[in-house]
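**Student:** Structure incoming, see below.
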Amino acid sequence: MIVKIDKLAHDFRGITKVNDKVTFVSGVLPSEVVDIKVIKEKKNINEAEVISFDKKSEDRIEVKCPYSDRCGGCDAGYIRYDKLLEYKREIFSDIMKRYANLDIKPSIIRSDNIYGYRNKITLKVLKGKLAFNKHDSNELINVLSCPLANDKINNVMKILNSTNLSGVLEVTIKGTDEIMVVIKGNIDNNLLITKSNSVSSIILNGKVIYGNEYIRIKVNDIIYAIYPESFFQVNTSMISKLYDKIKEEAGTGKILADLYCGAGTIGIYLADNFDYVYGIEVNSDAVKSANLNKEINGIDNISFECKKVSDMELLNSDVITVDPPRSGLDKKTIELLSKSGAKKVIYVSCNPITLARDINLLKDNYKVNNITLFDMFPNTKHMESVCTLNLL
Ligand SMILES: C[S@@+](CC[C@H](N)C(=O)[O-])C[C@H]1O[C@@H](n2cnc3c(N)ncnc32)[C@H](O)[C@@H]1O
Numbered sequence: 000m001i002v003k004i005d006k007l008a009h010d011f012r013g014i015t016k017v018n019d020k021v022t023f024v025s026g027v028l029p030s031e032v033v034d035i036k037v038i039k040e041k042k043n044i045n046e047a048e049v050i051s052f053d054k055k056s057e058d059r060i061e062v063k064c065p066y067s068d069r070c071g072g073c074d075a076g077y078i079r080y081d082k083l084l085e086y087k088r089e090i091f092s093d094i095m096k097r098y099a100n101l102d103i104k105p106s107i108i109r110s111d112n113i114y115g116y117r118n119k120i121t122l123k124v125l126k127g128k129l130a131f132n133k134h135d136s137n138e139l140i141n142v143l144s145c146p147l148a149n150d151k152i153n154n155v156m157k158i159l160n161s162t163n164l165s166g167v168l169e170v171t172i173k174g175t176d177e178i179m180v181v182i183k184g185n186i187d188n189n190l191l192i193t194k195s196n197s198v199s200s201i202i203l204n205g206k207v208i209y210g211n212e213y214i215r216i217k218v219n220d221i222i223y224a225i226y227p228e229s230f231f232q233v234n235t236s237m238i239s240k241l242y243d244k245i246k247e248e249a250g251t252g253k254i255l256a257d258l259y260c261g262a263g264t265i266g267i268y269l270a271d272n273f274d275y276v277y278g279i280e281v282n283s284d285a286v287k288s289a290n291l292n293k294e295i296n297g298i299d300n301i302s303f304e305c306k307k308v309s310d311m312e313l314l315n316s317d318v319i320t321v322d323p324p325r326s327g328l329d330k331k332t333i334e335l336l337s338k339s340g341a342k343k344v345i346y347v348s349c350n351p352i353t354l355a356r357d358i359n360l361l362k363d364n365y366k367v368n369n370i371t372l373f374d375m376f377p378n379t380k381h382m383e384s385v386c387t388l389n390l391l
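If you count the sequence shown from 1, position 89 lands on 88 in numbering that gives the first Met the number 0, and the numbers rise without skipping.
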């Protein structure tokens, strides 16, 4: 049946009506006229897929990646970049209104590069060659390159694809100038090492088999060492913009608590504005990275502890940064923040829905003062934000 798309849902699916029933359609844009087929009928909604386009939006562009229809990595690659940023702002505002009762339309800081920005990708292996998971499934598809990953990572993909990777279960390639390859499974070590002039480090099943046990990534004047399993922001050139904003919002003070601190990146970036900084992080590789980063950058007013944030007894600090995973803050952490008395909480979030939920849970003690979006993930539907909450 032929329908016109009215608007986008929070997950970027198009919304239309079929016999008065809300129907979600993937991969379409507002004002497009499409022939659809309903693939799932639920009690209150339908899900449909496009058979053909009768009228395409002016904001639709050719997707750069040959695997986009199957891989789903650049799942918003069909939307013109300026329009994608506008949609992200609108969807973010709508989520804030609906789940936190906030009227706000934050500005969005665009990414310098919309392709070649990623400093990390994880791949599987199919028939001895690199593969991505097919979108929303366990099925694999072989890939030669990824337009979101930087050139060095693509070059290593090419080298790996020229060898037989049978026996390998998973490969992570990470870095900007220095590249690390983290392999799970079995491999002919000699073969890889002879091909390794493009990598500075190879880790096989948790053991270093070539080069260093970490790679270094430079952000402004700071060098961050990253161990294999440590988190690091994926869009290298956007990191300084994100951290500059956090630094500006945090201001100065006596004690900064950097919660979910990863490799100590935010705490180290802000350390010169505080007498003392402490970081809390659950991943031991990340804490190892953080301690090395403290040393490499000659920062002596910072310490890190490997534990869950929710295992803290109390938070003694005048400013707190939190940068949790997509699931947001747990109940115990909300309680800790609520009774912390910190004058500001800077909440860095990669999931607006859990951010809105947590803003709501903190509302008796903290009020939103400022939110800025950062497009850390161009050509995808993902959103990153920095939200400053002031003590009431
Ligand atoms: C989004 S990353 C942020 C890392 C860092 N702030 C950065 O900018 O690179 C979230 C971090 O939280 C850590 N994490 C997840 N759950 C945690 C918990 N309950 N307590 C402490 N750290 C946790 C993860 O290991 C990860 O390093």
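For each residue, glycine too, the CB sits at the ideal point set by N, CA and C. Nothing here was measured: the structure is a model prediction, and the numbers come from that model.
Can you list, in chain order, the residues of its chain with a C-beta nearer than 8 Å to that of residue 230? Leave out the 5 residues immediately preceding and following it.
**Tutor:** The residue you call residue 230 lines up with position 231 of the sequence shown. Here the set comprises 261, 262, 282, 285.
**Student:** Could you give the residue range of the beta strand (DSSP E) that holds residue 54?
**Tutor:** Mapped onto the sequence shown, residue 54 falls at position 55. 44–54 is the extent of the beta strand (DSSP E) around residue 54.
**Student:** Taking C-beta to C-beta, are residue 148 and residue 120 nearer than 8 Å?
**Tutor:** If you number the sequence shown from 1, residue 148 lands on position 149. If you number the sequence shown from 1, residue 120 lands on position 121. Yes.
**Student:** Helix, strand or coil, according to DSSP, for residue 346 in the structure here?
**Tutor:** As a position in the sequence shown, residue 346 is number 347, starting the count at 1. Looking at residue 346 - three-state DSSP - the assignment turns out to be strand.
**Student:** State the Cα-Cα distance for the pair residue 279 and residue 29, rounded to the nearest angstrom.
**Tutor:** In the sequence shown, the residue the question calls residue 279 occupies position 280. In the sequence shown, the residue the question calls residue 29 occupies position 30. In a straight line, the C-alpha of residue 279 is about 43 Å away from that of residue 29.
**Student:** Can you determine whether any heavy atom of ligand 1 sits closer than 7 Å to the C-beta of residue 244, and answer yes or no?
**Tutor:** For this step, residue 244 is matched to residue 245 along the sequence shown. No, the Cβ of residue 244 stays beyond 7 Å of every heavy atom of ligand 1.
**Student:** Residue 142: beta carbon under 7 Å from a heavy atom of ligand 1?
**Tutor:** Position 143 of the sequence shown holds residue 142. The answer is no for residue 142.
**Student:** I'd like the list of long-range same chain contacts for residue 105, defined as Cβ closer than 6 Å, with 5 residues on each side in sequence excluded.
**Tutor:** One-based indexing of the sequence shown puts residue 105 at position 106. Excluding positions up to five away in sequence, the list reads 370, 371, 372.
**Student:** Give the DSSP-derived three-state secondary structure of residue 366 in the structure shown.
**Tutor:** The count along the sequence shown starts at 1 and reaches residue 366 at position 367. Three-state result, residue 366: strand.
**Student:** What does the Cβ neighbour count give for residue 377, buried or exposed, with the cut at 16 atoms within 10 Å?
**Tutor:** In the sequence shown, residue 377 corresponds to position 378, counting from 1. Buried.
**Student:** Starting from the N-terminal side, write out each stretch of the beta strand (DSSP E) that is 3 residues or longer and does not extend beyond the stretch 86–127.
**Tutor:** Counting whole runs of 3 or more residues, the stretch 86–127 contains the beta strand (DSSP E) stretches 119–125.
**Student:** How close, in whole Å, do the beta carbons of residue 343 and residue 367 come, if the pair is a contact with beta carbons under 8 Å?
**Tutor:** As a position in the sequence shown, residue 343 is number 344, starting the count at 1. As a position in the sequence shown, residue 367 is number 368, starting the count at 1. Contact doesn't hold; Cβ gap of about 11 Å is too wide.
**Student:** Whole-angstrom Cβ separation of residue 142 and residue 159, contact assumed at under 8 Å?
**Tutor:** By one-based count along the sequence shown, residue 142 stands at place 143. By one-based count along the sequence shown, residue 159 stands at place 160. Going by Cβ atoms, the distance from residue 142 to residue 159 rounds to 11 Å, so no, they are not a contact pair.
**Student:** Over what stretch of residues does the alpha helix (DSSP H) that includes residue 356 continue unbroken?
**Tutor:** Residue mapping note: residue 356 aligns to position 357 of the sequence shown, counting from 1. Where residue 356 is concerned, the enclosing alpha helix (DSSP H) stretches over 351–360.
**Student:** Name, in chain order, the residues that DSSP records as bridge partners for residue 165.
**Tutor:** Here residue 165 refers to the residue found at position 166 when the sequence shown is read from its first residue. Its beta-bridge partners do not exist; DSSP assigns none.
**Student:** Spatial neighbours of residue 199 within its chain, please: CB distance less than 8 Å, with the 5 preceding and 5 following residues excluded, ordered by chain position.
**Tutor:** Residue mapping note: residue 199 aligns to position 200 of the sequence shown, counting from 1. Here the set comprises 174, 177, 178, 179, 210, 211, 214.
**Student:** Pick out whichever of 345, 109, 166, 35 has its Cα sitting closest to the Cα of residue 79.
**Tutor:** What you label residue 79 is simply residue 80 of the sequence shown in a count that begins at 1. When only C-alpha atoms are compared, the closest one is 109.
**Student:** Kindly list the residues whose CB is nearer than 6 Å to the CB of residue 226, restricted to its own chain and excluding five residues on each side of it in sequence; keep chain order.
**Tutor:** Start at 1 with the first residue of the sequence shown, and residue 226 comes out as number 227. Answer for residue 226: 213, 284, 287, 288, listed in chain order.
**Student:** So, do the stretch 43–57 and the stretch 346–358 have three or more beta carbon pairs nearer to each other than 8 Å?
**Tutor:** No: the two stretches stay apart, fewer than three of their Cβ pairs being nearer than 8 Å.
**Student:** Could you give the residue range of the alpha helix (DSSP H) that holds residue 286?
**Tutor:** Along the sequence shown, one-based indexing puts residue 286 at 287. From DSSP, the alpha helix (DSSP H) with residue 286 extends over 283–295.
**Student:** Closer than 6 Å by C-beta to residue 232: which residues in its own chain qualify, once you throw out the five before and the five after it? Chain order, please.
**Tutor:** In the sequence shown, the residue the question calls residue 232 occupies position 233. Result list for residue 232: 238, in chain order.
**Student:** In the DSSP assignment, the beta strand (DSSP E) including residue 244 goes from what residue to what residue?
**Tutor:** Counting from one through the sequence shown, the residue named residue 244 turns up at place 245. Careful: residue 244 lies outside any beta strand (DSSP E), inside the alpha helix (DSSP H) at 235–249.
**Student:** Residue 41 by DSSP, collapsed to three states: which one?
**Tutor:** As a first step, residue 41 must be located in the sequence shown, where it is residue number 42. Looking at residue 41 - three-state DSSP - the assignment turns out to be coil, as it is neither helix nor strand.
**Student:** How should residue 40 be labelled, buried or exposed, when 16 other C-beta atoms within 10 angstroms of its C-beta is the threshold for buried?
**Tutor:** Locating residue 40 in the sequence shown gives position 41, counting from the first residue. It is exposed - the Cβ of residue 40 has fewer than 16 other Cβ atoms within 10 Å.
**Student:** Report yes if the C-beta of residue 40 is less than 7 Å from at least one heavy atom of ligand 1; otherwise report no.
**Tutor:** Here residue 40 is taken as the residue at index 41 of the sequence shown, counted from 1. No, ligand 1 has no heavy atom inside 7 Å of this Cβ.
**Student:** With 16 other CB atoms within 10 Å as the buried threshold, where does residue 74 fall?
**Tutor:** Residue mapping note: residue 74 aligns to position 75 of the sequence shown, counting from 1. Its Cβ being crowded by 16 or more others within 10 Å, residue 74 is buried.
**Student:** With a 10 Å radius around its C-beta and 16 neighbouring C-beta atoms as the bar for buried, classify residue 315 as buried or exposed.
**Tutor:** The count along the sequence shown starts at 1 and reaches residue 315 at position 316. Result: exposed.
**Student:** For the candidate residues 268, 290, 383, whose alpha-carbon lies nearest to that of residue 107?
**Tutor:** In the sequence shown, counting from the first residue as 1, residue 107 sits at position 108. Of the candidates 268, 290, 383, the one whose C-alpha sits nearest the C-alpha of residue 107 is 383.
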